[in-house]
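Asker: Residues 671 to 927 in my numbering are what the sequence shown spells out, letter by letter. Let me give you the structure first, and then I'll get to my questions.
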Amino acid sequence: MEIPHSSIKIFPQYEDVFYDDIENHRKYFLPLCSINLNFFSKEKDQWLHFVSVKEIYDGRIGENTTAFHTDYTKCDMLGFDIIDGKYKFDAQWEYFTVSTEILPENYHLEYTDEEIQFNFNDAMYQLKKSYYKKFGQLYDRDFYRPGLTVEGIRKLERLLKLSAEDIHKDGPSDYLAETIDKKINGVIDEINVKNLPLDECEYSGQNLTDKPFQADGSLFSYIACMEGYNFQENAADQIYLFYNDDLEKAVICLEYT
Numbered sequence: 671m672e673i674p675h676s677s678i679k680i681f682p683q684y685e686d687v688f689y690d691d692i693e694n695h696r697k698y699f700l701p702l703c704s705i706n707l708n709f710f711s712k713e714k715d716q717w718l719h720f721v722s723v724k725e726i727y728d729g730r731i732g733e734n735t736t737a738f739h740t741d742y743t744k745c746d747m748l749g750f751d752i753i754d755g756k757y758k759f760d761a762q763w764e765y766f767t768v769s770t771e772i773l774p775e776n777y778h779l780e781y782t783d784e785e786i787q788f789n790f791n792d793a794m795y796q797l798k799k800s801y802y803k804k805f806g807q808l809y810d811r812d813f814y815r816p817g818l819t820v821e822g823i824r825k826l827e828r829l830l831k832l833s834a835e836d837i838h839k840d841g842p843s844d845y846l847a848e849t850i851d852k853k854i855n856g857v858i859d860e861i862n863v864k865n866l867p868l869d870e871c872e873y874s875g876q877n878l879t880d881k882p883f884q885a886d887g888s889l890f891s892y893i894a895c896m897e898g899y900n901f902q903e904n905a906a907d908q909i910y911l912f913y914n915d916d917l918e919k920a921v922i923c924l925e926y927t
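Structure below.
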């Protein structure tokens with residue numbers, strides 16, 4: 671299967687994914703890929719977006735902020751209202767626990783491991799986005815760098831010095847090249863074009879912490895899933911996208927295996 675180029679955007683811009691409050695959406699989220707449902711049905715002109723979060727490090731997203739959960743934003747589950755084809759996070763920003771931006775002039779200050787990894791995830795995303803924009807494909811090389819195995823702020827400092835041209839010189843990874851080649855448009859692992867129940871799909875979400883259900887107990891429509899590690903340092907093994915047309919709601923679920 672191949673999605674028409676007009677119906678998919680890889681590494682989309684924040685302004686094309688989020689409806690408003692771009693500053694806060696930019697602070698916490700990473701836009702990975704947008705797909706238009708018109709390749710499912712010509713009558714359906716609806717953009718949906720895969721997003722991840724910068725906060726992934728240790729434990730479940732939102733496990734310490736249950737007071738700010740909603741019906742569709744819980745542990746490792748992120749709900750969005752869809753307005754004009756764009757997302758609006760349906761919970762308060764206090765759902766997240768890390769937001770510190772580490773600037774070069776402040777490297778001498780003390781930071782938690784979570785804050786450093788938050789910034790490292792963002793920096794790795796920006797580097798891989800730059801690579802995709804430059805070379806037209808996801809990064810599929812061997813990123814082994816002993817200099818990045820150090821602990822603390824130096825790890826982030828060294829990563830930020832790398833460019834797309836630098837990592838293009840890395841040795842090839844047959845494994846990454848093969849797995850990316852098998853993906854739909856080189857990015858998506860599965861698209862549920864037959865609208866099958868989730869448990870009948872190849873990626874059945876067996877390890878999902880939670881899933882989005884309607885008030886009547888029925889599950890949102892499962893749209894597609896993709897791997898998280900092609901975009902950031904710490905990531906979900908699989909990122910599931912669910913959608914409910916009646917509620918005008920999209921939900922992202924993060925799965926770890």
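The C-beta atom is built at its ideal place from N, Cα and C for all residues, glycine as well.
Relative to the C-alpha of Arg-828, which residue among Tyr-801, Gly-875 and Leu-797 is closest?
Answerer: Along the sequence shown, one-based indexing puts residue 828 at 158. Closest by alpha carbon: Leu-797.
Asker: Would you give the residue range spanned by the beta strand (DSSP E) that Ile-922 belongs to?
Answerer: The residue you call residue 922 lines up with position 252 of the sequence shown. Counted as a single uninterrupted DSSP element, the beta strand (DSSP E) harbouring Ile-922 occupies residues 919–925.
Asker: Going by DSSP, what residue range makes up the beta strand (DSSP E) through Leu-911?
Answerer: Residue mapping note: residue 911 aligns to position 241 of the sequence shown, counting from 1. Counting along the chain, the beta strand (DSSP E) containing Leu-911 begins and ends at 908–914.
Asker: Pop quiz: Ile-786 and Gly-822 are said to be a contact at Cβ under 8 Å. What is the actual Cβ separation, rounded to whole angstroms?
Answerer: Walking along the sequence shown from the start, residue 786 turns up at place 116. Walking along the sequence shown from the start, residue 822 turns up at place 152. Rounded, the Cβ-Cβ distance is 7 Å, consistent with contact.
Asker: Please name the residue, chosen from Lys-803, Val-863, Ala-793 and Ala-885, that lies closest to Asp-741 on a Cα-to-Cα basis.
Answerer: On the sequence shown, position 71 is the one that residue 741 refers to. When only C-alpha atoms are compared, the closest one is Ala-885.
Asker: Once the 5 residues before and after Phe-790 are set aside, which same chain residues still bring their CB inside 6 Å of it?
Answerer: As a working mapping, residue 790 is identified with position 120 in the sequence shown. So the qualifying residues of the chain are Leu-826 and Glu-903.
Asker: What residue ranges within the stretch 870–906 form continuous alpha helix (DSSP H) runs of no fewer than 4 residues, ordered along the chain?
Answerer: none
Asker: What's the call for Glu-672, buried or exposed, on a 16-neighbour Cβ count within 10 Å?
Answerer: By one-based count along the sequence shown, residue 672 stands at place 2. Exposed is the call here.
Asker: Quick one: Cα of Leu-911 to Cα of Glu-848, how far?
Answerer: Here residue 911 refers to the residue found at position 241 of the sequence shown. Here residue 848 refers to the residue found at position 178 of the sequence shown. If you take the alpha carbons of Leu-911 and Glu-848, they lie about 24 Å apart.
Asker: With distance defined between alpha-carbon atoms, name the residue in Lys-839, Cys-895, Asn-877 and Pro-882 nearest to Ile-861.
Answerer: Here residue 861 corresponds to residue number 191 of the sequence shown, with the count starting at 1. It is Cys-895.
Asker: Tell me where the alpha helix (DSSP H) around Met-747 begins and ends.
Answerer: As a working note, residue 747 is residue 77 in the sequence shown. Met-747 -> not in any alpha helix (DSSP H); beta strand (DSSP E) instead, spanning 747–753.
Asker: Can you have a look at Asp-691 and say buried or exposed, based on whether 16 or more other CB atoms are within 10 angstroms of its CB?
Answerer: Numbered from its first residue, the sequence shown carries residue 691 at position 21. By the 10 Å Cβ count, Asp-691 comes out exposed.
Asker: In this structure, does DSSP put His-838 in helix, strand or coil?
Answerer: Here the question's residue 838 lines up with position 168 in the sequence shown. Helix.
Asker: By DSSP's criteria, Asn-706 is part of a beta bridge. Which residues make up the other side?
Answerer: On the sequence shown, position 36 is the one that residue 706 refers to. Note: Asn-706 sits in a beta bridge opposite Trp-717.
Asker: Does the beta-carbon distance from Glu-725 to Thr-770 come in below 8 Å?
Answerer: Within the sequence shown, numbered from 1, the residue matching residue 725 stands at position 55. Within the sequence shown, numbered from 1, the residue matching residue 770 stands at position 100. Cβ distance not < 8 Å, so Glu-725 and Thr-770 don't count as in contact.
Asker: So, using beta-carbon positions, are Ser-704 and Val-687 closer together than 8 Å?
Answerer: Here residue 704 corresponds to residue number 34 of the sequence shown, with the count starting at 1. Here residue 687 corresponds to residue number 17 of the sequence shown, with the count starting at 1. The answer is yes: Cβ separation under 8 Å.
Asker: Can you tell me whether Asn-900 is buried or exposed, with buried defined as 16 or more other CB within 10 angstroms of its CB?
Answerer: Working through the sequence shown from its first residue, we reach residue 900 at position 230. By the 10 Å Cβ count, Asn-900 comes out buried.
Asker: Mind the definition here: the stretch 811–819 touches the stretch 863–877 only if three or more C-beta pairs lie below 8 Å; say whether that holds.
Answerer: no
Asker: Comparing alpha-carbon positions, which option in Asn-914, Glu-897 and Phe-710 lies nearest Ala-906?
Answerer: Locating residue 906 in the sequence shown gives position 236, counting from the first residue. Out of Asn-914, Glu-897 and Phe-710, Glu-897 has the C-alpha closest to the C-alpha of Ala-906.
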